[in-house]
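Top line first, the protein sequences correspond to chains A and B. Taking the working numbering, the leading residue of the first sequence gets 128, the next gets one more, and so forth. Taking the working numbering, the leading residue of the second sequence gets 128, the next gets one more, and so forth. We treat Cβ as the ideally placed atom computed from N, Cα and C, and that holds for glycine. For clarity, every value in this text was computed on a predicted model and none was experimentally measured. Shown next, in structure tokens, is the structure this report addresses.
Protein chains: 2
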Amino acid sequence: MFSSEIYSQRRLALLSAMQGESGVMLFLGNVDSPAQYRDNCYKFRQDSNFLYFFGLDTPGLAAVVDLDNGTQTLYGTDDDIDDIIWNGPTPTVREMADAAGVDNAAAYSRLASDLKGRKVHFAPVSGYWNRMEMASLTGLGPQEVISSGKAGCKAASGKMVRAIIALRLVKSGEEIALMDKACVLGQEMHKMARCGVKVGAVEQDIVGAMEGYALAKGWGVSFPTILTQHGEIFHCHSHANTVQPGKLMVIDAGVESNEHYASDFTRTYPTGGKFTQKQREIYQIVCDCNNYAFSLVRPGVAYRDVHIAVAERMLSGLADLGLVHGDAAEMASEGICGLFMPHGLGHNMGLDVHDMEDLGENLVGYDPDQARSSQLGLGSLRMARRLVPGNVITDEPGIYFIPALIEKWRNEGTGRGFVDFDRLREYYDFGGIRLEDDLLVTPDGARRLGGERLPITPDEVEDAMDVD
Amino acid sequence: MFSSEIYSQRRLALLSAMQGESGVMLFLGNVDSPAQYRDNCYKFRQDSNFLYFFGLDTPGLAAVVDLDNGTQTLYGTDDDIDDIIWNGPTPTVREMADAAGVDNAAAYSRLASDLKGRKVHFAPVSGYWNRMEMASLTGLGPQEVISSGKAGCKAASGKMVRAIIALRLVKSGEEIALMDKACVLGQEMHKMARCGVKVGAVEQDIVGAMEGYALAKGWGVSFPTILTQHGEIFHCHSHANTVQPGKLMVIDAGVESNEHYASDFTRTYPTGGKFTQKQREIYQIVCDCNNYAFSLVRPGVAYRDVHIAVAERMLSGLADLGLVHGDAAEMASEGICGLFMPHGLGHNMGLDVHDMEDLGENLVGYDPDQARSSQLGLGSLRMARRLVPGNVITDEPGIYFIPALIEKWRNEGTGRGFVDFDRLREYYDFGGIRLEDDLLVTPDGARRLGGERLPITPDEVEDAMDVD
Chain A
128 MFSSEIYSQR
138 RLALLSAMQG
148 ESGVMLFLGN
158 VDSPAQYRDN
168 CYKFRQDSNF
178 LYFFGLDTPG
188 LAAVVDLDNG
198 TQTLYGTDDD
208 IDDIIWNGPT
218 PTVREMADAA
228 GVDNAAAYSR
238 LASDLKGRKV
248 HFAPVSGYWN
258 RMEMASLTGL
268 GPQEVISSGK
278 AGCKAASGKM
288 VRAIIALRLV
298 KSGEEIALMD
308 KACVLGQEMH
318 KMARCGVKVG
328 AVEQDIVGAM
338 EGYALAKGWG
348 VSFPTILTQH
358 GEIFHCHSHA
368 NTVQPGKLMV
378 IDAGVESNEH
388 YASDFTRTYP
398 TGGKFTQKQR
408 EIYQIVCDCN
418 NYAFSLVRPG
428 VAYRDVHIAV
438 AERMLSGLAD
448 LGLVHGDAAE
458 MASEGICGLF
468 MPHGLGHNMG
478 LDVHDMEDLG
488 ENLVGYDPDQ
498 ARSSQLGLGS
508 LRMARRLVPG
518 NVITDEPGIY
528 FIPALIEKWR
538 NEGTGRGFVD
548 FDRLREYYDF
558 GGIRLEDDLL
568 VTPDGARRLG
578 GERLPITPDE
588 VEDAMDVD
Chain B
128 MFSSEIYSQR
138 RLALLSAMQG
148 ESGVMLFLGN
158 VDSPAQYRDN
168 CYKFRQDSNF
178 LYFFGLDTPG
188 LAAVVDLDNG
198 TQTLYGTDDD
208 IDDIIWNGPT
218 PTVREMADAA
228 GVDNAAAYSR
238 LASDLKGRKV
248 HFAPVSGYWN
258 RMEMASLTGL
268 GPQEVISSGK
278 AGCKAASGKM
288 VRAIIALRLV
298 KSGEEIALMD
308 KACVLGQEMH
318 KMARCGVKVG
328 AVEQDIVGAM
338 EGYALAKGWG
348 VSFPTILTQH
358 GEIFHCHSHA
368 NTVQPGKLMV
378 IDAGVESNEH
388 YASDFTRTYP
398 TGGKFTQKQR
408 EIYQIVCDCN
418 NYAFSLVRPG
428 VAYRDVHIAV
438 AERMLSGLAD
448 LGLVHGDAAE
458 MASEGICGLF
468 MPHGLGHNMG
478 LDVHDMEDLG
488 ENLVGYDPDQ
498 ARSSQLGLGS
508 LRMARRLVPG
518 NVITDEPGIY
528 FIPALIEKWR
538 NEGTGRGFVD
548 FDRLREYYDF
558 GGIRLEDDLL
568 VTPDGARRLG
578 GERLPITPDE
588 VEDAMDVD
């Protein structure tokens, strides 16, 4: 964790944003989450807001910041002598409070009574235990303390949520150093993955080697690894397949560092080591779109506009191939790009890979004067805001040929006059391509986080696979 | 999963054990569990009872078996067209019901109303979502539907719980084949770990490589890996240390196969590759105890008696070294062994590494005529039952020198006259040793599960480390 001063300053900034409010702010840390039975738990992951404001990476903690008098209290449970015999010596709640720069330490058992009669400000929670505990501490229902969709959580404190978002959206120098580190780890993991992409290999073997690296060098993967020869299917859960010749392997994966900062990269590989002409044509468009987005990123630019510019570039490339016909700008504004890229260009990244997603996607990713589109593609954009230095965002254009979606558009008449549905039939077994880097917005533009960029042009990719 | 007949037969056996009862049996599958935000979840793990009786490894399912008319219904949610576009085609609830040999398929949204007015029999649940859902479906509180300690869950159906335990305690031929496979994977993972134990190595690197192997070849590790140079501390969560010379490295780890059967092995390595004389003396006692336990395991023998016999053997060895004085049998019955081995000799293993622990440790591990001891060590024994063919148990004696515990005994006068507390001071920095194999009870004795036994004698271990 950082020095206690950093956490104290963050809480001070939050307190200052809450001026005029009365009551307390409650921060609930996470507990261990059972995988099978109660004592066989997943690897502990602290709540990200708790990490940001207190830095303590231990289950079973809570903290209260009093808005009326500024008092701050850490709640937890000290080990008894039997715990020490079985678990060895661990820090006391008092020692943890010191590490976080918190004045008061108290027994967790006192938390509920200390909150009695106070107005409790909170940010929405995610885990199932947190829902029960937050509901019990606030008198609300477990469904009321979570984000119900993109708009966030009605019962949560809007002021507190907006203040947290404002703070966490802008990464400090210390945070950027850790994010660079997480990205270097993510790139190393991707190199390892690339070496595993050989015809006949079992996907699970590649995924296991990647996740093993993430566990050896960091907390683990920052989200369940996507490694699939069906890139057109966005949520893949099985890795039972063997690598087939002539396919495109999409690998979308990241490492969460031991300090819990995320990285998130995507590369797409020709499974036999060489792109076909058809694959290379589509790949080149995606690669151009990735580089084009990077060239547009700078303070003051809305990432929504970068998405739209990329959509136009993508449609222009697809028009050159004869898959769509018409003016690229007109097609972009008609939302034609959503047929090929139904997702957004990117998202915020930080302590969460989709940073703060459960605080409410619209609050996190949209400026107050920006409305979310209902178009397929643009409507899925998680980060639309005008960029400021310190923002960390992903740049991840993709082109997919999703037969069920293409058929739906054809049947419904969507895109008629622009989309060459007959030509698209030739692409029904193509799969998909996505290429993703992680960007830091700097005072005068952008920088790709991490070390040397992973090979990305078709030639670079083929050369790298040739050496592997 | 197995063929549908196997699951049908298991449910038939359970139905037959429930004869005379009215109402329904409810089985709640697991859902995805958030690690950070709602859509960033840990790797899905199905509820073990649900796996045993239905075999379906998919989140969001439930099943009801009607005791009044034998009707069986699987509840789940079919994908809509948007789900198919994003997730690709997945099996329908009807198809999953067929795979499990279940007659009826229904929408999950119907479950609560279908249960209205029926007596609901259930086994205690573990995960936090399951607590909320089971509480909501039964009208009980979330604290009432879980095991509250070793005795189990009062509100659960005792008859159903005992019937499940009786079935799951005896592994079938198909299950044994899968457990052998899980054990082979566990042994391979241990070999990999052994190769990593070099002075100067970072523990996290070894753990990452192990867990990567478990993910490549199976579901993952069957419990959080214990890899520690402080074997005397039983619950270790940090792997930040580097390997120091002259220490004993305890590695207690297992693989859960893709079919969700567990393995669980422990070996202890001298970090420099060679045991000191002092280490070798203690190690030899533990090794002898492991082999001795194996020699005693056969149908009809209570594992409680094996634990006691091993305790006697251990004390006899410690007496030879002058660390305790007195008649080994008398010391064993006085519970002196608990100072050195505060845990039990072993536990049941199957779909859970501590099989069925949350159904109630005493119900799972003790025959109705066996009372749990209050002695340190024997009182921690998870498996005391008279053995029957098909039981799978661990054999894991250990000797630890826990300064806080030794001081407690000395101060309280426990073990006075038997324990040489002065001599024990020389062992305060010793650490601990544990050696664990997985045993199948056969009709005429026992068999160690897995492939070739991991090196276990001091010479075998040194030779293996020399080659690595």
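Straight-line Cα distance separating aspartate 494 of chain A from alanine 283 of chain A: Numbered from 1 along the first sequence, position 156 holds the residue referred to as residue 283 of chain A. Numbered from 1 along the first sequence, position 367 holds the residue referred to as residue 494 of chain A. Alanine 283 of chain A and aspartate 494 of chain A: Cα-Cα distance of roughly 19 Å.
Rounded Cβ spacing between leucine 375 of chain B and glycine 228 of chain B (contact assumed at less than 8 Å): Start at 1 with the first residue of the second sequence, and residue 375 of chain B comes out as number 248. Start at 1 with the first residue of the second sequence, and residue 228 of chain B comes out as number 101. Rounded, the Cβ-Cβ distance is 50 Å, inconsistent with contact.
Isoleucine 520 of chain A in three-state terms, based on DSSP: Sequence index remark: in the first sequence, residue 520 of chain A carries index 393 (1-based). Isoleucine 520 of chain A: strand per DSSP, three-state reduction.
Beta-carbon proximity of valine 491 of chain A to arginine 513 of chain A, cut-off 9 Å: For the purposes of this step, residue 491 of chain A is taken as the residue at position 364 of the first sequence. For the purposes of this step, residue 513 of chain A is taken as the residue at position 386 of the first sequence. The answer is no: Cβ separation not under 9 Å.
Asparagine 417 of chain B - DSSP class collapsed to helix/strand/coil: Taking the first residue of the second sequence as 1, we reach residue 417 of chain B at position 290. It is helical.
Contact belief for glycine 487 of chain A with glycine 279 of chain A at Cβ below 8 Å, rounded distance in angstroms: Along the first sequence, one-based indexing puts residue 487 of chain A at 360. Along the first sequence, one-based indexing puts residue 279 of chain A at 152. Indeed, because the Cβ distance is near 2 Å, the residues count as touching under 8 Å.
Complete runs of the alpha helix (DSSP H) confined to the segment 252 to 309 of chain A [at least 4 residues]: 255 to 265 and 285 to 296
Contacts around leucine 194 of chain B, its chain only, beta-carbon distance under 8 Å, and the 5 residues preceding and following it disregarded: In the second sequence, the residue the question calls residue 194 of chain B occupies position 67. Leu142, Met145, Glu148, Ser149, Gly150, Val151, Met152 and His248, listed in sequence order.
Residue closest to alanine 389 of chain B, alpha-carbon to alpha-carbon, out of B:Gly285, B:Leu312 and B:Arg550: Numbered from its first residue, the second sequence carries residue 389 of chain B at position 262. Closest option to alanine 389 of chain B, Cα to Cα, is B:Leu312.
Between the CA atoms of asparagine 196 of chain A and isoleucine 533 of chain A - distance to the nearest angstrom: Here residue 533 of chain A refers to the residue found at position 406 when the first sequence is read from its first residue. Here residue 196 of chain A refers to the residue found at position 69 when the first sequence is read from its first residue. About 59 Å.
Whole-number beta carbon distance between leucine 342 of chain B and glutamate 338 of chain A, since they are thought to touch under 8 Å: Counting from 1 along the first sequence, the entry for residue 338 of chain A is found at position 211. Counting from 1 along the second sequence, the entry for residue 342 of chain B is found at position 215. About 5 Å separates the two Cβ atoms, so the contact holds.
Among A:Pro516, A:Asp522 and A:Met458, the one whose alpha carbon lies nearest that of glycine 544 of chain A: The residue you call residue 544 of chain A lines up with position 417 of the first sequence. Here the closest residue by C-alpha is A:Met458.
Close beta carbons around arginine 440 of chain A, own chain, < 7 Å, minus the five adjacent residues each side: Translated into positions along the first sequence, residue 440 of chain A becomes position 313. Only Asp415, Cys416 and Tyr419 meet the Cβ criterion.
Complete runs of the alpha helix (DSSP H) confined to the segment 475 to 514 of chain A [at least 4 residues]: 488 to 492
Start-to-end residues for the alpha helix (DSSP H) that takes in asparagine 214 of chain A: Along the first sequence, read from residue 1 onward, the residue named residue 214 of chain A stands at position 87. It spans 208 to 214 - the alpha helix (DSSP H) in which asparagine 214 of chain A sits, taken as one unbroken run.
Where lysine 325 of chain A falls, given that 16 or more other Cβ within 10 Å makes a residue buried: Here residue 325 of chain A corresponds to residue number 198 of the first sequence, with the count starting at 1. Burial call: exposed.
Residues that isoleucine 353 of chain A contacts on chain B, provided the C-beta gap is smaller than 8 Å: Counted from its first residue, the first sequence places residue 353 of chain A at position 226. None at all; the shortest Cβ gap to chain B is about 12 Å.
Contact between the segment 179 to 193 of chain B and the segment 218 to 227 of chain B (3+ Cβ pairs under 8 Å): yes
Interfacial residues, the segment 191 to 216 of chain A to chain B, with Cβ spacing under 8 Å: Ile208, Ile211, Ile212, Trp213, Asn214 and Gly215
Segment contact, 8 Å Cβ cut-off, at least three pairs: the segment 518 to 533 of chain A with the segment 458 to 469 of chain A: yes
Host alpha helix (DSSP H) of tyrosine 179 of chain B (start-end): Here residue 179 of chain B refers to the residue found at position 52 of the second sequence. Looking at the DSSP string, the run of the alpha helix (DSSP H) that includes tyrosine 179 of chain B is 175 to 181.
Beta-carbon neighbours of glycine 335 of chain B, restricted to chain A and to distances below 8 Å: Position 208 of the second sequence, counted from the start, is the residue given in the question as residue 335 of chain B. Near glycine 335 of chain B (Cβ distances below 8 Å), the residues of chain A are Gly339, Tyr340, Ala341, Leu342, Ala343 and Lys344.
Chain-ordered neighbours of methionine 601 of chain A on chain B, where CB pairs are closer than 9 Å: Outside the displayed range of chain A (128 to 595) lies residue 601 of chain A, so it cannot be described from this structure.
Pair within 9 Å by beta-carbon distance, arginine 321 of chain B and arginine 407 of chain B: The sequence position of residue 321 of chain B within the second sequence is 194, counting from 1. The sequence position of residue 407 of chain B within the second sequence is 280, counting from 1. Contact flag unset, no.
For glutamate 383 of chain A, the residue or residues it bridges with in DSSP: Locating residue 383 of chain A in the first sequence gives position 256, where the first residue counts as 1. Its beta-bridge partners are A:Gly347 and A:Ala389.
For glutamine 136 of chain B, the first and last residue of its enclosing alpha helix (DSSP H): As a working note, residue 136 of chain B is residue 9 in the second sequence. Glutamine 136 of chain B -> alpha helix (DSSP H) spans 131 to 144.
Between the CA atoms of proline 426 of chain A and proline 570 of chain A - distance to the nearest angstrom: Mapped onto the first sequence, residue 570 of chain A falls at position 443. Mapped onto the first sequence, residue 426 of chain A falls at position 299. So the alpha carbons of these two residues sit roughly 7 Å apart.
Within 8 Å of chain A by C-beta, residues of the segment 516 to 540 of chain B in sequence order: Ile529, Ala531, Leu532 and Lys535
Nearest candidate by alpha-carbon position, reference histidine 597 of chain A, set B:Ala239, B:Asn167, B:Gln163 and B:Leu581: Residue numbering for chain A in the displayed model covers 128 to 595; residue 597 of chain A lies beyond these limits and cannot be assessed.
Status (buried if at least 16 other CB within 10 Å, exposed otherwise) for leucine 562 of chain A: Stepping through the first sequence from its first residue, residue 562 of chain A is reached at position 435. Burial call: buried.
Exposure of arginine 172 of chain A, with buried meaning 16 or more beta-carbon neighbours within 10 Å: Locating residue 172 of chain A in the first sequence gives position 45, where the first residue counts as 1. Buried.
Minimum Cβ-Cβ distance from valine 480 of chain A to chain B less than 9 Å: Within the first sequence, numbered from 1, the residue matching residue 480 of chain A stands at position 353. Output row for valine 480 of chain A: interface = yes.
Residues from the segment 250 to 274 of chain A in contact with chain B, defined by Cβ distance under 8 Å: Ser253, Gly254, Tyr255, Trp256, Arg258, Met259, Pro269, Ile273 and Ser274
Residue from B:Tyr235, B:Asp479 and B:Trp536 whose Cα sits closest to the Cα of leucine 503 of chain B: Mapped onto the second sequence, residue 503 of chain B falls at position 376. Looking at the Cα atoms, B:Trp536 is the closest of the given residues.
Other residues of its chain near tyrosine 235 of chain B: CB distance less than 7 Å, five sequence neighbours each side excluded: Residue 235 of chain B sits at position 108 when you count from the first residue of the second sequence. Excluding residues within five positions, the ones whose Cβ falls inside 7 Å are Gly187, Ala189, Tyr202, Gly203 and Thr204.
Identified DSSP bridge partners for arginine 561 of chain B: As a working note, residue 561 of chain B is residue 434 in the second sequence. Answer by DSSP bridge pairing, in chain order: B:Gly525.
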